[in-house]
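Chains H and D supply the protein sequences, listed in that same order.
Per the numbering used here, the first sequence starts with residue 15, numbered consecutively.
Per the numbering used here, the second sequence starts with residue 26, numbered consecutively.
Built from N, CA and C at the ideal position, the CB exists for glycine as well.
In this text the structure is predicted, and so the values were computed from the model without any measurement.
Single-structure report; data block below.
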Amino acid sequence: MLKNHQKELMDSINSFLDNILNINNLFKTLLENYFKKNFNEVEKITNQISDLESQCDKIRRNVERKIYQETLIPDMRGDVLGVLENLDKIPGQIQANAHSFNTEKPEIESELSDNFLKLCDHASECISLLIDGSRNFFIDKKITIEKCLQVSKVESKADKISTDLKKNIFSNEKNGLATKVHLRYFVEIMDEVANLSEDVADRLIISSSKN
Amino acid sequence: MFEILLIALLAIIVGTNDAANVFGSAVGSKMLKFKFAIIFFFIFIIIGAIINAKYPSGVYRNLLDSYPSLDQIYLILIPVILITILSLKLKIPSSISQSIIFSIFGFALAKSLSVNYDLLKKLIYFWLATPLLALILSICFCYIIQLIIRFLKLNVFQIDYQVRLCLIIFGCIAAFALGSNLTASIVGIYSPFLDLDLNVFNFKLSIDENKLYFFGSFLIGLGALIFSQKIVQSVGFQISTIKPISALAILLTQIFILLSFSSDILISKINHVLPFEIFAMPLSASHITFAGIIGVASFNRFREVKPLHTIKIIISWFLIPFSVFLLSYLVCLNF
């Protein structure tokens with residue numbers, strides 16, 4: 015009737031968040047290897063990302079089931095569930111991006127690669143801030159709000175870079191329309207990670223203010 | 026036999042109505058399951074009744090100079106039972122102790138008996154003061170609990186576990202405190218006739234003080250077990266939304282007030298400190314719970330308070346005792 019699940023649940027949530035951070039770091043390594051044309055390494059990292067993403071799903075389901083089965087935290091159960099499910103969309107998006115790079119192998123010119131890496135850095139920073147905020151959601155909601163507000167600022171930087179990238183892609187007359195559209199697609203899916211982070215951060219701010 | 030049936034009926038009604046006061050906020054906030062809450066309520070209400078009910082029971086004995094005879098007690102109880110059933114139907118929590126006192130008052134006026142007005146005045150003062158005290162205390166307890174949580178930097182699952190544990194422990198203490206209070210309200214009216222020898226289906230049944238309190242509290246528990254689930258699950262939500270920490274603050278308020286007015290040891294210690302004297306008396310747990318809920322609702326600037334139901338309850342605090350008094354007076358004039 016009154017089992018203390020706190021350690022088990024907090025450990026699970028922390029490993030869920032750690033996995034997202036690992037996926038985030040792996041994607042950066044994947045991109046660096048891609049620009050060095052180490053495609054074998056890219057494939058290896060893509061598989062690692064997929065494994066971690068599956069683990070994230072498993073952990074999230076376990077945590078959600080435990081919270082509902084044991085009727086824990088009744089007043090913020092819905093918010094925790096929402097936060098975990100939204101957070102889980104981020105590794106999903108990164109996994110999809112990794113697979114896209116691995117299978118479609120877009121031809122990115124060297125002058126664009128720096129901006130692609132910058133875009134990846136900003137998206138990565140959004141995720142790191144979001145994970146910090148999410149960790150504090152269970153302890154100190156003021157810190158959560160602070161971190162989540164920073165996510166929006168970094169996301170704006172990512173938006174600027176993605177706009178610059180699109181301008182450069184479409185102003186390059188060497189490439190045909192198909193290549194341009196293909197490259198734009200990769201800019202958009204990388205920017206989507208930052209956008210998703212911002213959406214989750216917004217949700218976290220609301221949940222933190224409410225509780 | 027008729028006396029036993031009246032006590033049983035009243036006890037079951039009270040159990041239905043008052044289990045909500047102890048575990049209602051915990052079950053309503055989904056921190057405790059009803060079946061566990063009611064088991065704790067059952068056990069501790071009986072213990073509380075046997076240990077402490079004799080102290081607040083004395084009030085009934087001292088209210089009238091010449092107490093009604095045993096065969097007249099039903100005239101006092103029937104108006105109480107009728108009005109309480111009506112208030113339950115209207116989903117308004119009522120105070121059995123207040124109803125009984127005002128029914129005795131109506132009886133005394135109708136039968137031209139002399140009433141201890143000094144005692145009656147004191148009771149009314151305390152009945153008006155205790156909800157106010159509950160309102161202030163619940164706010165203080167809410168602050169203290171939140172300060173402790175912030176100081177200890179607990180995560181949400183630790184808070185959940187600690188609050189759940191406290192709700193069970195304090196719920197049991199509140200049931201213990203309520204046990205004396207409620208049982209005193211129900212069987213206290215028979216307190217001048219303790220050591221009753223009753224005929225139950227040709228069996229001689231002798232009832233002493235402890236048996237009477239056990240019997241009363243057992244039936245309160247039974248009433249709670251059988252009929253209170255809906256009320257327990259909806260308590261609070263009729264007035265305002267209750268969060269687990271608020272539920273704990275309300276429970277602590279109940280314990281503090283109910284024990285202060287039922288435990289002889291606590292009363293003598295409190296009287297050393299206070300400039301005026303308090304004494305053991307049956308209080309309204311429903312009024313204390315209501316005031317506690319309003320107190321914790323002040324944290325959200327009363328945004329979640331349902332004004333219509335709140336006003337209805339406050340009006341009922343005056344209307345119910347008056348209705349019982351009037352009904353008792355009219356019944357006693359005719360019988």
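Alpha-carbon spacing of residue i relative to residue j, whole angstroms
i      : j      : result
H:A172 : H:N150 : 24 Å
D:Y92  : D:P307 : 18 Å
D:L273 : H:K42  : 48 Å
H:I203 : H:D213 : 15 Å
D:L162 : D:K116 : 26 Å
D:Q97  : D:F360 : 9 Å
H:E46  : H:I81  : 40 Å
H:I159 : H:K167 : 13 Å
D:Y215 : D:D233 : 11 Å
H:L126 : H:L210 : 23 Å
H:E99  : D:L247 : 44 Å
D:L95  : D:G317 : 38 Å
D:I63  : H:L23  : 29 Å
D:K55  : D:V188 : 12 Å
H:P88  : H:K103 : 24 Å
D:N325 : D:L333 : 18 Å
D:E329 : D:P269 : 15 Å
D:I75  : D:V298 : 28 Å
D:S210 : D:V140 : 18 Å
D:Y85  : D:S242 : 18 Å
Best match in the options for proximity to residue i [C-alpha to C-alpha]
i      : options                        : result
D:L34  : D:F252, D:I129, D:W342         : D:F252
H:A215 : H:E123, H:V77, H:D93           : H:D93
D:C197 : D:N42, D:I70, D:K268           : D:I70
H:A208 : H:D128, H:Q107, H:S114         : H:Q107
D:L203 : D:I29, D:A45, D:R175           : D:A45
D:E28  : D:S348, D:I193, D:F240, D:S353 : D:F240
D:I106 : D:R86, D:S128, D:L89           : D:S128
D:T41  : D:K114, D:H297, D:I275         : D:K114
D:A249 : D:F59, D:T155, D:A51, D:G53    : D:F59
H:N129 : H:I175, H:K72, H:L44           : H:I175
D:S82  : D:I245, D:Y238, D:S323         : D:Y238
H:C162 : H:D178, H:F152, H:I141         : H:I141
D:F218 : D:K79, D:S205, D:F48, D:V47    : D:K79
H:H196 : H:I183, H:N61, H:Q164, H:E84   : H:I183
D:I267 : D:L283, D:I319, D:Q279         : D:I319
D:G49  : D:S271, D:F301, D:L283         : D:S271
D:H312 : D:F343, D:P300, D:F327         : D:F343
Neighbourhood of residue i by C-beta distance below 8 Å, restricted to the same chain and skipping five residues each side
i      : result
D:S285 : L291, I292, I295, I303
D:I345 : I108, S112, I117, S119, S120, Q123, S124
H:P105 : N33, I34, I37, I63, L66, E67, C70
D:I157 : This sequence places Leu at residue 157 of chain D; Ile is not what is there. Here the set comprises A316.
D:I37  : L244, I245, L247, G248, I251, F252
D:L138 : L89, D90, S91, P93, F132
H:N28  : R149
Chain-order list of residues whose beta-carbon lies under 6 Å from that of residue i (same chain, five-residue window excluded)
i      : result
H:G63  : One detail in the question is off: residue 63 of chain H reads as Ile in this sequence, not Gly. Excluding positions up to five away in sequence, the list reads I37, L40, Q109, A112.
H:I157 : N150
D:A135 : Y354, C357, L358
Residue i: CB within 6 Å of a non-hydrogen atom of the ligand SAM
i     : result
H:L31 : With respect to small molecules bound, the structure shown includes none, and the ligand SAM cannot be examined in it.
Span of the alpha helix (DSSP H) around residue i
i      : result
H:D71  : 53-83
H:H19  : Per DSSP, H:H19 belongs to no alpha helix (DSSP H) and is neither H nor E.
H:N129 : 124-151
D:V416 : Chain D is shown only over 26 to 360; residue 416 of chain D falls outside these bounds and no answer can be derived.
D:I68  : 59-77
D:E234 : 234-252
H:I108 : 103-118
D:V140 : Careful: D:V140 lies outside any alpha helix (DSSP H) and carries neither H nor E.
D:S124 : 121-135
D:L107 : 98-114
Other residues of its chain near residue i: CB distance less than 7 Å, five sequence neighbours each side excluded
i      : result
D:V356 : L100, I103, P104
H:E12  : Residue 12 of chain H lies beyond the residue range present for chain H, which begins at 15 and ends at 225; the question has no answer from this structure.
D:S309 : S120, S122, Q123, W152
H:L31  : I145, S148, R149
D:S288 : N77
D:L277 : F166, F195
H:E121 : T193
D:R175 : none
D:I170 : I270, L273, A274
Minimum Cβ-Cβ distance from residue i to chain A less than 7 Å
i     : result
H:I87 : The structure shown has no chain A; the protein chains it does contain are H and D.
Next on the checklist: Quick check for students: name the residue ranges of the alpha helix (DSSP H) that lie wholly in the stretch 146-218 of chain D, counting only runs of 4 or more.
Outcome noted: Along the stretch 146-218 of chain D, the alpha helix (DSSP H) occurs as fully enclosed runs of 4 or more residues at 181-212, listed in sequence order.
Next on the checklist: For a minimum of 4 consecutive residues, which ranges assigned as the alpha helix (DSSP H) are wholly contained in the stretch 275-336 of chain D?
Outcome noted: As summarised for the stretch 275-336 of chain D, the continuous alpha helix (DSSP H) elements at least 4 residues long and confined to that stretch are 289-298, 310-322, given in chain order.
Item to check | 3 or more residues per run - each beta strand (DSSP E) lying fully within the stretch 145-224 of chain H | outcome: Whole beta strand (DSSP E) segments, 3+ residues: zero.
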